[in-house]
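Engineer: Please read through the structure below; I'll follow up with questions.
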Amino acid sequence: MTLTAQTANLRYHERLKRVLPGGVHYNFNMPWEEVPLHFVDGKGSRLTDMDGNEYLDLYARFGAMILGHAHEEYLDALQEAMGRVLCVSHCDFDADPLELMNAHIPSAEMIRFGLSGTEILQTALRLARAHTKRNRFLRFENHYHGNADNIMGGRVTDRRHPVPVDFRGDYKGTAGRAANVMADQSYMLPWNDVERLEDFFREHGETLACAVTEPVCVNGGSIEAAPGYLERLRELCTEYGTVLIFDEMITGVRMGVGGAQKRLGVTPDLTTFGKAIGGGGVPVSALVGKREIMALLESKKVVHAGTYNGYPLGSAAVKATFEILSRDDEAVLHAMHRRAAELQSILVAEAAAAGLPLIVQGPPGVASFHCTDTPLEHPGQYDFDLMSKDIIVATALQRHGVLISSISRIYPNAQLSDLDLEYFQVHARKALGEAERSIAEIF
Amino acid sequence: MDEEQIKAVLTKLIADEIGTAPGEIDEQASFMRLGVSSVQALKIVNRLRKELDMDINPVALFEFKTIEDISGYLAEAFD
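If you read the sequences in order, they're chains A and B. No gaps in the numbering here: position 179 of the first sequence is 179 in full-length UniProt numbering, and each next residue is one more. No gaps in the numbering here: position 61 of the second sequence is 61 in full-length UniProt numbering, and each next residue is one more.
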């Protein structure tokens with residue numbers, strides 16, 4: 001059974017496009033969103049669109065919706081906060097969420113809240129520059145750290161001088177970027193190549209303010225660090241006096257309330273969080289880090305500002321999220337991971353039954369599926385053929401009522417239930433059969 | 001290959017895929033409006049990248065949704 005027509009949805013989209021560029025508020029369209037779906041209701045893991053179609057939501061708004069829709073305890077906490085005080089610079093909501101983050105996240109000696117991942121990452125770069133009195137930062141291919149001019153898109157054209165530059169046709173490129181902003185500030189290396197990393201540090205380490213990495217390369221296909229890679233990066237940063245920044249926008253909270261860093265046992269100097277730390281209902285980002293670096297904010301040597309930073313509703317949301325997820329030794333997260341693993345097993349089994357090679361890789365909570373027999377070892381392996389096949393499966397799932405995040409990410413939530421798994425099995429079976437036929441036709 | 005040449009190749013591939021004449025294809029209409037599904041679009045771009053011998057990120061297909069947009073994107077990438 002495919003979904004019913006998208007009549008009301010289409011009509012609404014046409015209405016929006018008259019006043020909203022493209023009918024959307026952001027530019028990275030989902031592969032399955034030929035027309036964005038507009039939802040009218042959400043409960044648990046399910047969403048209902050304007051035409052009455054039901055979906056299993058494994059998209060979770062780019063992973064932010066960790067608690068599931070209409071989570072009772074979370075909504076109660078938000079409503080209580082709204083009833084007390086909404087718009088003040090300081091309130092009595094701050095201490096609890098900050099102390100919870102401090103208790104759980106290894107690098108969180110001190111914490112500042114912001115609103116978006118893009119802006120908080122820029123504050124992290126600013127702090128690292130001020131701390132080291134150096135200008136350049138290192139990032140890695142196929143990682144994503146927000147849409148600011150200095151850090152989005154680009155490619156390296158000369159491996160001996162690994163500076164990212166604009167190239168015409170970059171789908172993560174943008175017109176209007178300030179001239180030379182990437183070339184003047186940054187380097188970019190392939191990830192998971194320890195030899196290249198060591199060579200690079202030997203040559204550039206002493207002039208490097210910071211290195212920023214996703215601890216699991218979720219944006220490149222949920223690829224985990226090779227054994228010892230993050231540990232070696234940590235050693236090199238320490239040796240050269242370079243600030244190590246983990247971007248835990250996606251992994252933070254999803255892999256555990258202590259983030260990927262606690263699970264992997266590698267502690268960065270600074271970490272950026274966002275998305276799921278606010279539970280999925282309100283935007284909050286956070287910059288956490290070592291006291292000696294964060295002290296630059298206290299002394300006001302480094303500016304971090306924003307009208308809504310630390311706003312009461314956001315702080316209440318972080319508190320509720322950490323309380324729900326950390327309770328009883330993270331019981332809710334463990335249950336979510338267990339069900340996510342079951343869902344992934346169903347996907348693999350149904351793909352095999354349909355004759356489609358498919359694996360799932362990455363920690364449960366931030367995993368991706370790929371239409372191949374072997375897990376990817378570095379993001380460069382995610383080529384046209386594989387990405388296309390993944391898109392075909394993702395679009396087939398969407399047609400059959402299962403929403404996947406880009407490109408093939410599976411984001412479970414705390415309310416994922418056994419009934420959801422049953423729903424998934426029935427709908428995935430139909431979708432995978434359809435996808436296998438499409439893939440066979442193209443490749 | 002310039003933008004006009006890429007446009008002509010792409011228009012022909014789309015026309016073949018949906019069984020119509022290239023002259024009937026509106027270059028400014030979105031793939032969806034032309035009746036091209038996402039799977040058909042991938043199929044077309046797969047043929048196109050082989051014909052142009054160039055690396056195309058399939059995600060770009062969903063950012064540039066008309067023949068005109070995609071041809072412009074590819075012409076720049078070709079440069």
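C-beta atoms are modelled at their ideal positions from N, C-alpha and C, and glycine is treated no differently. In this text, all values refer to a predicted model and were calculated from it rather than measured experimentally.
Looking at the C-beta of Y171/A, does it have a partner C-beta in chain B at a distance below 9 Å?
Structural biologist: Judged by the 9 Å Cβ criterion, Y171/A is in contact with chain B.
Engineer: List the residues of chain A that L13/B touches, going by C-beta distances under 9 Å, in chain order.
Structural biologist: Correct list: empty, because the minimum Cβ distance to chain A is about 13 Å.
Engineer: E441/A: which of D385/A, Q415/A and G401/A sits nearest, CA to CA?
Structural biologist: It is D385/A whose Cα lies nearest to the Cα of E441/A.
Engineer: Per DSSP, which residues does F113/A bridge with? Please list them.
Structural biologist: In the DSSP output, where bridge partners are listed per residue, F113/A has A286/A.
Engineer: Check I67/B in the structure and name its three-state DSSP category.
Structural biologist: Three-state result, I67/B: helix.
Engineer: Considering only their Cβ atoms, is the gap separating L403/A from L16/A smaller than 9 Å?
Structural biologist: Contact: no.
Engineer: Output, in chain order, the set of chain B residues within a Cβ distance shorter than 9 Å of M387/A.
Structural biologist: Under the 9 Å cutoff, chain B gives N57, P58 and V59.
Engineer: Which residue's Cα is closest to the Cα of I410/A: T271/A, R327/A, H378/A and L343/A?
Structural biologist: Checked all of T271/A, R327/A, H378/A and L343/A; the closest Cα to I410/A is L343/A.
Engineer: Using 8 Å as the threshold, is the segment 219-228 of chain A in touch with the segment 33-48 of chain A, meaning 3 or more CB pairs across them?
Structural biologist: Flag = no, the segment 219-228 of chain A and the segment 33-48 of chain A do not touch.
Engineer: Tell me, which residues are paired with C210/A by DSSP?
Structural biologist: Bridge partners of C210/A: F137/A and V243/A.
Engineer: Are L432/A and A394/A touching if we call contact CB-CB under 9 Å?
Structural biologist: For L432/A and A394/A, no; Cβs fall outside 9 Å.
Engineer: Using a Cβ cut-off of 7 Å, which residues of the segment 20-48 of chain B contact any Cβ in chain A, in chain order?
Structural biologist: So the close ones are M32, S38, V39, L42, K43 and N46.
Engineer: Is any beta-carbon of chain B found at less than 9 Å from that of T395/A?
Structural biologist: T395/A counts as touching chain B.
Engineer: Could you tell me whether the Cβ atoms of A316/A and E99/A are closer together than 9 Å?
Structural biologist: Taking 9 Å as the Cβ cut-off, A316/A and E99/A do not qualify as a contacting pair.
Engineer: Quick check on A8/B - is its C-beta less than 9 Å from some C-beta in chain A?
Structural biologist: No, its Cβ sits nowhere closer than 9 Å to a Cβ of chain A.
Engineer: Can you look up C371/A in the DSSP assignment and give me helix, strand or coil?
Structural biologist: In the structure shown, C371/A sits in coil (DSSP, three-state: anything other than H, G, I, E or B).
Engineer: Can you check the segment 11-64 of chain A for any beta strand (DSSP E) of at least 3 residues that lies completely inside it and give the ranges in chain order?
Structural biologist: The segment 11-64 of chain A contains these whole beta strand (DSSP E) runs: 39-43, 46-49 and 54-58.
Engineer: Check whether the Cβ atoms of C205/A and I66/A lie closer than 9 Å to each other.
Structural biologist: According to the sequence as given, residue 205/A is Gly; it is not Cys. For G205/A and I66/A, no; Cβs fall outside 9 Å.
Engineer: Considering Q40/B, what are the terminal residues of the alpha helix (DSSP H) in which it resides?
Structural biologist: Its alpha helix (DSSP H) spans residues S38 to L52.
Engineer: Kindly provide the ranges of any beta strand (DSSP E) runs that are 3 or more residues long and lie completely inside the segment 134-189 of chain A, ordered along the chain.
Structural biologist: Runs of the beta strand (DSSP E) inside the segment 134-189 of chain A: 136-140 and 186-189.
Engineer: Are the C-beta atoms of V35/A and some chain B residue less than 9 Å apart?
Structural biologist: Yes, because at least one Cβ of chain B sits closer than 9 Å to the Cβ of V35/A.
Engineer: If we call anything under 9 Å between Cβ atoms a contact, is N46/B one with F62/A?
Structural biologist: No, these two residues do not count as a Cβ contact at 9 Å.
Engineer: With 16 other CB atoms within 10 Å as the buried threshold, where does A211/A fall?
Structural biologist: That one is buried.
Engineer: Name the one or two DSSP bridge partners that T272/A has.
Structural biologist: Answer is D247/A and L287/A.
Engineer: Just the C-alpha distance for Y55/A and V318/A, rounded to the nearest angstrom, thanks.
Structural biologist: If you take the alpha carbons of Y55/A and V318/A, they lie about 27 Å apart.
Engineer: Here's the rule I'm using: 16 or more other beta-carbon atoms within 10 Å means buried, otherwise exposed. How should Y12/A be labelled?
Structural biologist: Classification of Y12/A: buried, given that the 10 Å Cβ count is 16 or more.
Engineer: Measure from the C-beta of S406/A to each C-beta in chain B and report whether the shortest distance is under 9 Å.
Structural biologist: So yes, S406/A belongs to the interface.
Engineer: If we count the other Cβ atoms within 10 Å of its Cβ and call it buried at 16 or more, is residue 444/A buried or exposed?
Structural biologist: The structure shown does not extend to residue 444/A, since chain A spans only 1 to 443, so no value can be given for it.
Engineer: Measuring CA to CA, which of T11/B, I6/B and K43/B is closest to R437/A?
Structural biologist: Checked all of T11/B, I6/B and K43/B; the closest Cα to R437/A is K43/B.
Engineer: Which whole-angstrom value is the C-beta distance of A320/A and A77/A, which I expect to be below 8 Å?
Structural biologist: Contact holds; Cβ gap of about 4 Å.
Engineer: Which of the three DSSP states is assigned to Q415/A in this structure?
Structural biologist: If DSSP states are grouped into helix, strand and coil, Q415/A belongs with coil.
Engineer: Flag this pair as touching only if the segment 267-276 of chain A and the segment 97-111 of chain A have three or more C-beta atom pairs under 8 Å; answer yes or no.
Structural biologist: Cβ pair count under 8 Å is three or more, so yes.
Engineer: State the DSSP-derived secondary structure class of G259/A, mapped to helix, strand or coil.
Structural biologist: It is helical.
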